[in-house]
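Protein chains in written order, with my numbering: chain R, 690 to 1324; chain D, 12 to 102. Using N, Cα and C, we set each Cβ at its ideal position, and we do this for glycine too.
Here's what the structure looks like:
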């Protein structure tokens, strides 16, 4: 209930599909990311290469998706990570996931490789695999327009890849509704390797809920709570870029510093809003509407109209490339969306290659004649294009920051800011310790949307509130290491639950004063018609993290050594701003990691899982698999 | 402001407006409407249809004849559900 209980399994090699019921065992993982993790763990062997036909992609909605629960439009994707070779999970908004629910399905599992370009068209019970010769080579925006025209239906929801995915750029992603992205793990290239250009969905059924009246009452309650929260008002005024101010720590020139000084003001929300914002827009059923639409009427990017961006784009293309120009940030973000490239990986690669140019590791001759002085907008945009089409130097850069650094050599690897072979585009990793721990131990390789809390530095996160919510009184303090391991484990589980329920993280405690685990437990209970409390939800969250951890241990070969910060964060302190002098020294980091493993019940020496914790979580299958691999610790 | 008359609850008195510049295209109104009609969540049976063009982001909308202006309710469900306050009932 609350779920259609059905999934589409599509085998592109055989050009067939079948509709299956979800097995009851799968219900232990809620849906979305949790269920996707479980399917991936069971169906993808260690020898499967990410770009091979045996790799599978699981697009999943959650039990709350498509209902009137606030922010119920999220789609999860789980697949084997092209960059880290461990697990990749991504989560995107837009309108695709609810439409999938209305078509009568919770998940789509894609396997195999089509003999020629195709797209999958789902319209209630009619499912067809259609030719996509005419779409191959088109960008994601053109693809969406062409499909709508071809199907003569403006109301279809589409996810697609652009030239980045077609050309197997490792930084390729999947774009929904022209502006929302499933980003991590090179998933666009994985889809491209399957010759799958797009998935189109249209539905006319309903999202079912067990106790509809009770559910509606809960929804009224949580909507009201959101309406009057600080977090909602903050996010309505520009989304996460509203955070940008002179005191904010954002990376500068490939993390040579974590502060952008006075130039930060040029990238503030006001500058985006006054000049470029034409409208506030929202994902499906979202009362927060953190997104916005931009229109550029002057300058080199005149005529560009695109959905807005969040803070990652500003630090990735703005401060980290030293271009204090909002229109450039809008352009890069939109261009990446068009070409189907993941902005985090791309901006990390760009910052790294600019840094290498500054230190003469690469020269103009290596770069097809481009001179990469900091702030060179034209060269940056040209590099993005070259990456998508794998042209010239773009062919090397399309391998992602880590692999490109290996290819270029000459000490360039020391300047590559990567975690688990994935590029990093984050602010203030050295300053906020829990934020750093969340990013660095993230199972998908970097990214703060795994275990990083947003509470550090919040004025209203007092000791009392921190203790009450997370059992960590220091939750609001940035520079201290105390209690941070516990805080990160709390948020890891919480995020896993949110992704699996099919709602947006921005509707939760992660943002200031929004919904609590109890709120989600109440909503979930009404959907499944069985009382469920937040403790039980957290147990599922812990299970999900443990599946991902085991997948990483087996497939990626990861252990404790992969949970260390990039060398630059260890060696070089922040030079200016409120976090000047902060770095991540190894002695302190070791202590933090020990604590973190303790809270998870994992082995401190290897970082691997123990028999005890897997027994406690009833993950017998995983325990056996790890034992076979010799990577289970007896405790 | 783009005001549009939908229909009269009481002749010449009650009007339902949508201010498209405020509308975020979230479609909460469609869900609320479908709940009003059949106690389910299904935009396909909603009396209000919102379409957001992702190229220019202009909002197109349509009210179907099935709209009863939530006669027995204090306020139409779509108006109550609209967090951007784009929908309003003028009396």
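- Spatially closest choice to residue 1196 of chain R from R:1223, R:1006, R:922, by CA coordinates: Taking the first chain and counting its residues from 1, one reaches residue 1196 of chain R at position 507. When each option's Cα is compared against that of residue 1196 of chain R, the closest is R:922.
- Query: In three-state DSSP terms, what is residue 1084 of chain R?
  - Reply: As a first step, residue 1084 of chain R must be located in the first chain, where it is residue number 395. Residue 1084 of chain R: helix per DSSP, three-state reduction.
- Query: What in chain R is Cβ-close to residue 53 of chain D, meaning under 8 Å?
  - Reply: Locating residue 53 of chain D in the second chain gives position 42, counting from the first residue. Neighbours of residue 53 of chain D on chain R, chain order: 791, 893, 894, 895, 896.
- What does residue 1093 of chain R touch in chain D if you count any residue whose Cβ is under 8 Å from its own? Position 404 of the first chain, counted from the start, is the residue given in the question as residue 1093 of chain R. The premise fails here: residue 1093 of chain R is roughly 32 Å from chain D at the closest Cβ pair, so nothing lies under 8 Å.
- Message: Check whether chain D comes within 7 Å of residue 867 of chain R, counting only Cβ atoms and requiring the distance to be less than that.
- Response: Here residue 867 of chain R refers to the residue found at position 178 when the first chain is read from its first residue. Chain D, which has a Cβ nearer than 7 Å to the Cβ of residue 867 of chain R, makes this yes.
- Between the beta-carbon of residue 846 of chain R and the beta-carbon of residue 890 of chain R, is there less than 7 Å? In the first chain, residue 846 of chain R corresponds to position 157, counting from 1. In the first chain, residue 890 of chain R corresponds to position 201, counting from 1. Yes, the pair counts as a contact, with Cβ atoms nearer than the cut-off.
- Message: Please list, in chain order, the chain D residues whose beta carbon lies closer than 8 Å to that of residue 844 of chain R.
- Response: Along the first chain, read from residue 1 onward, the residue named residue 844 of chain R stands at position 155. Those are 62, listed as they occur along chain D.
- First through last residue of the alpha helix (DSSP H) which encompasses residue 1212 of chain R: In the first chain, residue 1212 of chain R corresponds to position 523, counting from 1. From DSSP, the alpha helix (DSSP H) with residue 1212 of chain R extends over 1206-1217.
- Task: Mark residue 814 of chain R as exposed unless 16 or more other C-beta atoms lie within 10 angstroms of its C-beta, in which case mark it buried.
- Result: On the first chain, position 125 is the one that residue 814 of chain R refers to. So residue 814 of chain R ends up on the exposed side.
- Are there 16 or more other CB atoms within 10 angstroms of the CB of residue 712 of chain R, so buried, or fewer, so exposed? Along the first chain, read from residue 1 onward, the residue named residue 712 of chain R stands at position 23. By the 10 Å Cβ count, residue 712 of chain R comes out exposed.
- Would you say residue 968 of chain R faces chain D, with C-beta separation under 7 Å as the test? Numbered from its first residue, the first chain carries residue 968 of chain R at position 279. It does; some Cβ of chain D falls within 7 Å.
- Message: What residue range does the beta strand (DSSP E) around residue 812 of chain R cover?
- Response: Numbered from its first residue, the first chain carries residue 812 of chain R at position 123. Looking at the DSSP string, the run of the beta strand (DSSP E) that includes residue 812 of chain R is 807-812.
- Query: Once you ignore the five residues that flank residue 1254 of chain R on each side, which residues in its own chain have a CB closer than 6 Å to its CB?
  - Reply: If you number the first chain from 1, residue 1254 of chain R lands on position 565. So the qualifying residues of the chain are 1129, 1273.
- Query: Residues in its own chain within less than 7 Å of residue 707 of chain R by CB, not counting five upstream and five downstream?
  - Reply: Mapped onto the first chain, residue 707 of chain R falls at position 18. For residue 707 of chain R, where only same-chain residues beyond five positions count, the Cβ hits under 7 Å are 698.
- Query: CA-CA distance, residue 76 of chain D and residue 60 of chain D?
  - Reply: In the second chain, counting from the first residue as 1, residue 76 of chain D sits at position 65. In the second chain, counting from the first residue as 1, residue 60 of chain D sits at position 49. If you take the alpha carbons of residue 76 of chain D and residue 60 of chain D, they lie about 12 Å apart.
- Does the separation of the CB atoms of residue 1012 of chain R and residue 927 of chain R fall below 7 Å? Your numbering for residue 1012 of chain R matches position 323 in the first chain. Your numbering for residue 927 of chain R matches position 238 in the first chain. No, the pair does not count as a contact, with Cβ atoms beyond the cut-off.
- Message: Tell me the DSSP secondary structure of residue 776 of chain R in three-state form.
- Response: Numbered from its first residue, the first chain carries residue 776 of chain R at position 87. Strand, per DSSP.
- Which first and last residues belong to the alpha helix (DSSP H) in which residue 726 of chain R is found? Along the first chain, read from residue 1 onward, the residue named residue 726 of chain R stands at position 37. Here the alpha helix (DSSP H) through residue 726 of chain R covers 721-732.
- Which of helix, strand or coil DSSP assigns to residue 815 of chain R: As a position in the first chain, residue 815 of chain R is number 126, starting the count at 1. Residue state, collapsed to three classes: strand.
- Message: Any beta carbon from chain R within less than 7 Å of residue 13 of chain D's own beta carbon?
- Response: Working through the second chain from its first residue, we reach residue 13 of chain D at position 2. Here residue 13 of chain D scores only 33 on pLDDT, less than 50, and its place in the model should not be relied on; the value that follows carries that caveat. Closer than 7 Å: no.
- Query: With DSSP run on the structure shown, which of helix, strand or coil describes residue 73 of chain D?
  - Reply: For the purposes of this step, residue 73 of chain D is taken as residue 62 along the second chain, with counting starting at 1. Residue 73 of chain D: strand per DSSP, three-state reduction.
- Item | DSSP state of residue 1297 of chain R mapped onto helix, strand, coil | Here residue 1297 of chain R refers to the residue found at position 608 of the first chain. Looking at residue 1297 of chain R - three-state DSSP - the assignment turns out to be coil, as it is neither helix nor strand.
- Item | Rounded Cβ spacing between residue 773 of chain R and residue 1296 of chain R (contact assumed at less than 8 Å) | Within the first chain, the letter at position 84 stands for residue 773 of chain R. Within the first chain, the letter at position 607 stands for residue 1296 of chain R. Going by Cβ atoms, the distance from residue 773 of chain R to residue 1296 of chain R rounds to 15 Å, so no, they are not a contact pair.
- Query: Using a C-beta to C-beta distance shorter than 7 Å, which residues of chain D count as neighbours of residue 905 of chain R?
  - Reply: Along the first chain, one-based indexing puts residue 905 of chain R at 216. Simply 46.
- Item | Host alpha helix (DSSP H) of residue 1185 of chain R (start-end) | In the first chain, counting from the first residue as 1, residue 1185 of chain R sits at position 496. Its alpha helix (DSSP H) spans residues 1173-1190.
- Could you please give the first and the last residue of the uninterrupted alpha helix (DSSP H) stretch that includes residue 653 of chain R? The structure shown does not extend to residue 653 of chain R, since chain R is modelled only from 690 through 1324, so no value can be given for it.
- Specify the secondary structure class of residue 711 of chain R as computed by DSSP and reduced to three states. As a working note, residue 711 of chain R is residue 22 in the first chain. In the structure shown, residue 711 of chain R sits in coil (DSSP, three-state: anything other than H, G, I, E or B).
- Query: Can you name, in chain order, every residue of its own chain whose Cβ lies under 8 Å from the Cβ of residue 1315 of chain R, other than the five neighbours on each side?
  - Reply: Start at 1 with the first residue of the first chain, and residue 1315 of chain R comes out as number 626. Closer than 8 Å at the Cβ level, and outside the excluded window around residue 1315 of chain R, lie 1239, 1242, 1243, 1297, 1298, 1303, 1321.
- Task: Could you check how far apart the C-beta atoms of residue 768 of chain R and residue 740 of chain R are, in whole angstroms? I think they sit under 8 Å.
- Result: Here residue 768 of chain R refers to the residue found at position 79 when the first chain is read from its first residue. Here residue 740 of chain R refers to the residue found at position 51 when the first chain is read from its first residue. About 11 Å; that fails the 8 Å criterion.
- Would you mind telling me which residues of chain D sit closer than 8 Å to residue 916 of chain R, beta carbon to beta carbon, in chain order? Position 227 of the first chain, counted from the first residue, corresponds to residue 916 of chain R. Simply 94.
- State the DSSP-derived secondary structure class of residue 798 of chain R, mapped to helix, strand or coil. As a working mapping, residue 798 of chain R is identified with position 109 in the first chain. The answer is strand: DSSP assigns residue 798 of chain R an E or B state.
- Chain-order list of residues whose beta-carbon lies under 6 Å from that of residue 1024 of chain R (same chain, five-residue window excluded): Stepping through the first chain from its first residue, residue 1024 of chain R is reached at position 335. Result list for residue 1024 of chain R: 1073, in chain order.
- Pull up the distance between the alpha-carbon of residue 1075 of chain R and that of residue 85 of chain D, whole angstroms please. Within the first chain, the letter at position 386 stands for residue 1075 of chain R. Within the second chain, the letter at position 74 stands for residue 85 of chain D. The straight-line gap from Cα to Cα measures roughly 58 Å.
- Taking Cβ positions, are residue 45 of chain D and residue 51 of chain D nearer each other than 7 Å? As a first step, residue 45 of chain D must be located in the second chain, where it is residue number 34. As a first step, residue 51 of chain D must be located in the second chain, where it is residue number 40. It is a contact, given that the beta carbons lie within the stated cut-off.
- Message: Looking at chain R, is there any beta carbon in it that lies within less than 7 Å of the beta carbon of residue 58 of chain D?
- Response: Numbered from 1 along the second chain, position 47 holds the residue referred to as residue 58 of chain D. It does not: the Cβ of residue 58 of chain D has no partner Cβ on chain R nearer than 7 Å.
- Check the C-beta distance from residue 797 of chain R over to residue 888 of chain R and give it rounded, since I have them as a contact under 8 Å. What you label residue 797 of chain R is simply residue 108 of the first chain in a count that begins at 1. What you label residue 888 of chain R is simply residue 199 of the first chain in a count that begins at 1. Yes, residue 797 of chain R and residue 888 of chain R are in contact; Cβ-Cβ is about 7 Å, under 8 Å.
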